[in-house]
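To start, the structure under review is shown below, and the notes come after it.
6 protein chains.
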Amino acid sequence: MKVTVHRKAHFNAAHRLYNADWTDARNAHVFGKCANPNYHGHNYELIVAVRGEIHPETGFVMDMKVLKHLIETEIEAVFDHKNLNEEVPVFKTLNPTAENIAVVIWNILRPHIEEVLELSVTLYETPRNFVSYSGA
Amino acid sequence: MKVTVHRKAHFNAAHRLYNADWTDARNAHVFGKCANPNYHGHNYELIVAVRGEIHPETGFVMDMKVLKHLIETEIEAVFDHKNLNEEVPVFKTLNPTAENIAVVIWNILRPHIEEVLELSVTLYETPRNFVSYSGA
Amino acid sequence: MKVTVHRKAHFNAAHRLYNADWTDARNAHVFGKCANPNYHGHNYELIVAVRGEIHPETGFVMDMKVLKHLIETEIEAVFDHKNLNEEVPVFKTLNPTAENIAVVIWNILRPHIEEVLELSVTLYETPRNFVSYSGA
Amino acid sequence: MKVTVHRKAHFNAAHRLYNADWTDARNAHVFGKCANPNYHGHNYELIVAVRGEIHPETGFVMDMKVLKHLIETEIEAVFDHKNLNEEVPVFKTLNPTAENIAVVIWNILRPHIEEVLELSVTLYETPRNFVSYSGA
Amino acid sequence: MKVTVHRKAHFNAAHRLYNADWTDARNAHVFGKCANPNYHGHNYELIVAVRGEIHPETGFVMDMKVLKHLIETEIEAVFDHKNLNEEVPVFKTLNPTAENIAVVIWNILRPHIEEVLELSVTLYETPRNFVSYSGA
Amino acid sequence: MKVTVHRKAHFNAAHRLYNADWTDARNAHVFGKCANPNYHGHNYELIVAVRGEIHPETGFVMDMKVLKHLIETEIEAVFDHKNLNEEVPVFKTLNPTAENIAVVIWNILRPHIEEVLELSVTLYETPRNFVSYSGA
Numbered sequence: 082m083k084v085t086v087h088r089k090a091h092f093n094a095a096h097r098l099y100n101a102d103w104t105d106a107r108n109a110h111v112f113g114k115c116a117n118p119n120y121h122g123h124n125y126e127l128i129v130a131v132r133g134e135i136h137p138e139t140g141f142v143m144d145m146k147v148l149k150h151l152i153e154t155e156i157e158a159v160f161d162h163k164n165l166n167e168e169v170p171v172f173k174t175l176n177p178t179a180e181n182i183a184v185v186i187w188n189i190l191r192p193h194i195e196e197v198l199e200l201s202v203t204l205y206e207t208p209r210n211f212v213s214y215s216g217a
Numbered sequence: 082m083k084v085t086v087h088r089k090a091h092f093n094a095a096h097r098l099y100n101a102d103w104t105d106a107r108n109a110h111v112f113g114k115c116a117n118p119n120y121h122g123h124n125y126e127l128i129v130a131v132r133g134e135i136h137p138e139t140g141f142v143m144d145m146k147v148l149k150h151l152i153e154t155e156i157e158a159v160f161d162h163k164n165l166n167e168e169v170p171v172f173k174t175l176n177p178t179a180e181n182i183a184v185v186i187w188n189i190l191r192p193h194i195e196e197v198l199e200l201s202v203t204l205y206e207t208p209r210n211f212v213s214y215s216g217a
Numbered sequence: 082m083k084v085t086v087h088r089k090a091h092f093n094a095a096h097r098l099y100n101a102d103w104t105d106a107r108n109a110h111v112f113g114k115c116a117n118p119n120y121h122g123h124n125y126e127l128i129v130a131v132r133g134e135i136h137p138e139t140g141f142v143m144d145m146k147v148l149k150h151l152i153e154t155e156i157e158a159v160f161d162h163k164n165l166n167e168e169v170p171v172f173k174t175l176n177p178t179a180e181n182i183a184v185v186i187w188n189i190l191r192p193h194i195e196e197v198l199e200l201s202v203t204l205y206e207t208p209r210n211f212v213s214y215s216g217a
Numbered sequence: 082m083k084v085t086v087h088r089k090a091h092f093n094a095a096h097r098l099y100n101a102d103w104t105d106a107r108n109a110h111v112f113g114k115c116a117n118p119n120y121h122g123h124n125y126e127l128i129v130a131v132r133g134e135i136h137p138e139t140g141f142v143m144d145m146k147v148l149k150h151l152i153e154t155e156i157e158a159v160f161d162h163k164n165l166n167e168e169v170p171v172f173k174t175l176n177p178t179a180e181n182i183a184v185v186i187w188n189i190l191r192p193h194i195e196e197v198l199e200l201s202v203t204l205y206e207t208p209r210n211f212v213s214y215s216g217a
Numbered sequence: 082m083k084v085t086v087h088r089k090a091h092f093n094a095a096h097r098l099y100n101a102d103w104t105d106a107r108n109a110h111v112f113g114k115c116a117n118p119n120y121h122g123h124n125y126e127l128i129v130a131v132r133g134e135i136h137p138e139t140g141f142v143m144d145m146k147v148l149k150h151l152i153e154t155e156i157e158a159v160f161d162h163k164n165l166n167e168e169v170p171v172f173k174t175l176n177p178t179a180e181n182i183a184v185v186i187w188n189i190l191r192p193h194i195e196e197v198l199e200l201s202v203t204l205y206e207t208p209r210n211f212v213s214y215s216g217a
Numbered sequence: 082m083k084v085t086v087h088r089k090a091h092f093n094a095a096h097r098l099y100n101a102d103w104t105d106a107r108n109a110h111v112f113g114k115c116a117n118p119n120y121h122g123h124n125y126e127l128i129v130a131v132r133g134e135i136h137p138e139t140g141f142v143m144d145m146k147v148l149k150h151l152i153e154t155e156i157e158a159v160f161d162h163k164n165l166n167e168e169v170p171v172f173k174t175l176n177p178t179a180e181n182i183a184v185v186i187w188n189i190l191r192p193h194i195e196e197v198l199e200l201s202v203t204l205y206e207t208p209r210n211f212v213s214y215s216g217a
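Chains as they are written, first to last, in this note's numbering: chain W, 82 to 217; chain H, 82 to 217; chain L, 82 to 217; chain Y, 82 to 217; chain R, 82 to 217; chain C, 82 to 217.
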């Protein structure tokens with residue numbers, strides 16, 4: 082009997098879409114205004130979902146206070162009010178698309194959550210564009 | 082060819098998180114301000130989802146008017162403007178976490194929905210904390 | 082390693098629920114005020130989700146600009162500011178319930194999206210009623 | 082010491098924008114796709130706001146239950162699941178723009194609310210287009 | 082040249098509507114299910130708005146970080162996860178309607194904000210019921 | 082008899098808060114993480130409101146299609162996917178706080194809207210921080 086608990090968080094960041102192996106012209110052609118070398122930015126909204134059995138003593142799948150704190154220390158502290166391309170090392174060589182950011186967040190959180198629990202993340206780049214990733 | 086129909090409803094209730102087998106000190110330690118013996122409360126938002134074949138004559142998986150009425154009589158009438166710990170009998174001995182409330186709602190609704198239809202519920206305790214349960 | 086990208090769009094349309102094989106009385110009995118022969122309408126909100134591998138060069142599962150344009154040309158151009166029963170031919174003989182509209186949208190989009198990518202659609206008829214369909 | 086209380090409601094309706102004194106060509110030119118003779122529709126969201134002194138015995142400016150019931154009987158019963166042009170008599174000769182609908186709603190509600198209370202209405206035609214009217 | 086800055090916050094609380102000068106029967110008659118002696122609760126959403134000149138050196142009307150901190154220490158610390166009737170002294174004798182809570186919040190915040198700045202508060206008791214107060 | 086029409090739009094941009102007359106240390110002290118020299122960013126949501134008489138022939142205060150197009154050409158084309166500090170000339174010397182951006186937008190739009198109509202703008206920097214300006 083498995084239940085999924087979801088916690089919503091957010092961070093504000095600058096980024097640009099850019100493939101360092103390409104010419105500037107090709108970057109501009111493929112990524113359009115998202116390739117602007119001066120950056121643009123977003124209010125990212127993040128939903129972290131954890132699925133597992135309810136612990137009979139607490140009634141929790143995972144204590145939301147613990148999950149909230151984990152997102153603050155592992156994700157918000159690293160991403161909030163940052164330039165993703167310049168200040169988050171993984172994006173020196175990985176294009177910070179919503180897809181790649183979601184996978185990076187999942188990979189950061191996974192070791193901090195009990196192995197028996199399933200993890201998925203949903204990342205809103207805008208209210209109209211969002212992505213989700215469950216590790217497979 | 083299965084489609085899922087979703088109906089959103091809501092109820093306002095008071096609760097506290099509390100394990101009767103624990104000391105007050107342990108309840109306060111584990112549940113923090115959620116263990117306040119004077120209660121606090123939430124605007125719960127509930128999404129009930131039913132999945133099945135589209136009936137060829139009506140174009141419905143399940144008549145939303147019927148589903149709306151079912152949620153009103155079986156859930157809202159029981160939970161709305163209530164103290165969950167004091168007035169909903171199952172929570173005399175079961176801690177009314179979002180996880181447990183979602184499972185209780187699912188168990189209440191399941192016998193009222195045709196067996197061939199799959200049922201899942203999503204319960205928002207706040208806009209930032211929510212849970213989902215599909216019966217397994 | 083599969084990621085799902087979601088794009089939100091919208092269209093405003095009139096419709097009525099109606100089964101041409103039934104008497105008006107039976108239509109009124111089953112569909113209630115939704116059977117009003119003069120029509121009513123909705124702001125439909127549509128979420129199209131596409132799941133697949135991230136392309137290593139772009140960091141995209143599918144270019145959101147392409148997906149946005151596809152929804153505009155294939156769905157919005159056909160459904161927006163239209164009377165679904167009168168002006169969208171498939172609904173001459175198919176009841177335009179949210180369920181059937183979602184299936185029709187999925188069927189329209191499927192051939193335009195690479196076969197290797199999974200497709201699902203979620204359609205909000207109102208903020209309180211919505212449906213989803215994944216092709217099976 | 083005046084406080085404003087707000088109550089949110091909704092209705093779904095079909096309409097078209099149309100000036101009967103104009104040719105069809107001019108209607109199409111001015112109103113674009115909103116002039117579609119087969120109608121389109123919206124989920125209208127309505128916020129009714131009432132401003133006045135707090136009654137010292139109840140703590141209410143106006144009982145929300147009374148306001149909710151008033152909106153149901155005077156507005157929702159008349160507008161919901163209707164074709165505004167065909168079934169709401171005032172719009173036989175008045176173009177049902179969001180502006181005009183808001184004024185009509187205000188005029189309907191005004192006599193039902195104590196004179197000493199100020200009234201204003203906000204009407205969302207879509208989440209992106211809305212109007213407000215305060216009677217002057 | 083005055084600009085208004087708005088900051089959104091929230092707190093979860095239990096309450097009941099109750100006039101101590103009335104019989105229980107009259108309380109039940111006037112306040113309906115809101116008079117439940119076992120309490121119910123809400124996720125209150127609070128918007129605090131401050132209007133004034135933009136400071137030419139900072140570009141701020143009021144530093145949002147300061148406003149956020151003020152709401153945390155003066156409002157959230159006092160109201161969050163509390164039983165308003167039992168644990169917030171002013172509501173021992175004042176009925177905790179949304180109207181009265183909004184006025185109480187305004188009165189708490191007013192002395193902490195520079196006199197030259199105008200203050201108003203909007204309090205959502207539910208997404209469908211909300212009140213606003215500007216001090217006059 | 083004046084009605085207000087509102088149109089919602091959005092743009093995504095990078096910025097940093099910075100006063101060029103101050104040392105870096107003072108900028109960091111006053112603006113905190115918002116002073117990050119590598120920028121961060123936001124999904125700005127903009128509501129433009131225009132108040133005036135309803136034109137008796139159209140039923141419009143101002144044609145929403147015209148207002149939508151005006152926001153696209155005058156605001157979105159200039160601000161969307163841009164670095165406000167680097168690419169919008171007025172912010173070379175004016176700190177791009179939400180307050181200042183709102184005033185700049187109002188000043189850009191004012192000459193394009195009939196003088197008899199009142200104009201106000203509301204700018205959401207995040208869902209929790211927003212500002213409004215009406216020209217006085």
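Think of the CB as a built atom: it goes at the ideal place given N, C-alpha and C, for glycine as much as any other residue.
Looking only at its chain, what residues have a beta carbon closer than 7 Å to the beta carbon of residue i, apart from the 5 residues adjacent to it on each side?
{"i": "lysine 83 of chain C", "result": "Arg132, Gly133, Glu134"}
{"i": "alanine 116 of chain R", "result": "Arg97, Leu98, Tyr99, Asn108, Ala109"}
{"i": "threonine 139 of chain Y", "result": "none"}
{"i": "glutamate 155 of chain R", "result": "Ile189, Leu190, His193"}
{"i": "valine 171 of chain C", "result": "Val185"}
{"i": "tyrosine 120 of chain W", "result": "Ala95, His96, Arg97, Asn164"}
{"i": "phenylalanine 160 of chain Y", "result": "Phe92, Ala94, Val169"}
{"i": "glutamate 126 of chain L", "result": "Lys89, His91, Tyr205"}
Determine, using beta carbons only, whether residue i comes closer than 7 Å to chain H.
{"i": "tyrosine 120 of chain R", "result": "yes"}
{"i": "tyrosine 99 of chain L", "result": "no"}
{"i": "asparagine 164 of chain R", "result": "yes"}
Determine, using beta carbons only, whether residue i comes closer than 7 Å to chain R.
{"i": "asparagine 117 of chain C", "result": "no"}
{"i": "histidine 91 of chain Y", "result": "no"}
Report buried or exposed for residue i, applying the criterion of at least 16 other Cβ atoms within 10 angstroms of its Cβ.
{"i": "histidine 136 of chain R", "result": "exposed"}
{"i": "proline 177 of chain L", "result": "buried"}
{"i": "histidine 150 of chain L", "result": "exposed"}
For residue i, which residues in chain Y fall below 7 Å Cβ to Cβ?
{"i": "threonine 178 of chain R", "result": "Gly140, Phe141"}
Residues of chain W with a CB under 7 Å from the CB of residue i: which are they?
{"i": "valine 111 of chain H", "result": "Thr139"}
{"i": "lysine 146 of chain L", "result": "Gly113"}
Closer than 8 Å by beta-carbon distance: list the chain R residues that pair up with residue i, in chain order.
{"i": "asparagine 181 of chain C", "result": "Ile135, Gly140"}
Can you pull the chain H neighbours of residue i, defined as C-beta to C-beta under 7 Å?
{"i": "phenylalanine 211 of chain L", "result": "His87"}
Residue i CB to nearest chain W CB: under 7 Å?
{"i": "valine 84 of chain L", "result": "yes"}
Is the Cβ of residue i closer than 7 Å to any Cβ of chain Y?
{"i": "tyrosine 125 of chain R", "result": "no"}
Consider the Cβ of residue i: report whether some Cβ of chain C lies at a distance smaller than 7 Å.
{"i": "asparagine 108 of chain W", "result": "no"}
{"i": "alanine 158 of chain W", "result": "no"}
Considering only residues of the same chain and omitting the five flanking positions on each side of residue i, which have a CB-CB separation below 6 Å?
{"i": "tyrosine 214 of chain C", "result": "Ala183, Val184, Trp187, Val202"}
Give every residue of the same chain whose Cβ lies closer than 8 Å to the Cβ of residue i, excluding the five residues on either side of it in the sequence, and list them in chain order.
{"i": "arginine 191 of chain H", "result": "Leu200, Gly216"}
{"i": "histidine 123 of chain W", "result": "Asn93, Ala94, His96, Glu206, Thr207"}
Just to make sure I have the definition right: I need the residues of chain W whose C-beta is within less than 8 Å of the C-beta of residue i. Which are they?
{"i": "alanine 217 of chain H", "result": "Met82, Lys83"}
Measuring only between beta-carbons, confirm whether residue i sits less than 7 Å from chain L.
{"i": "glutamate 167 of chain Y", "result": "yes"}
For a contact defined as C-beta to C-beta under 8 Å, what are the partners of residue i on chain H?
{"i": "threonine 154 of chain R", "result": "Neighbours of threonine 154 of chain R on chain H: none; closest Cβ ~16 Å, over 8 Å."}
Run through chain Y and tell me which residues come within less than 8 Å of residue i, C-beta to C-beta.
{"i": "proline 208 of chain R", "result": "Lys89"}
* To do: Check whether the segment 194-213 of chain R touches the segment 86-93 of chain Y, counting contact only when three or more Cβ pairs, one atom from each stretch, lie closer than 8 Å.
  => yes
* Asked: For the 8 Å Cβ check, are there 3 or more pairs between the segment 183-198 of chain R and the segment 185-205 of chain L?
  -> no
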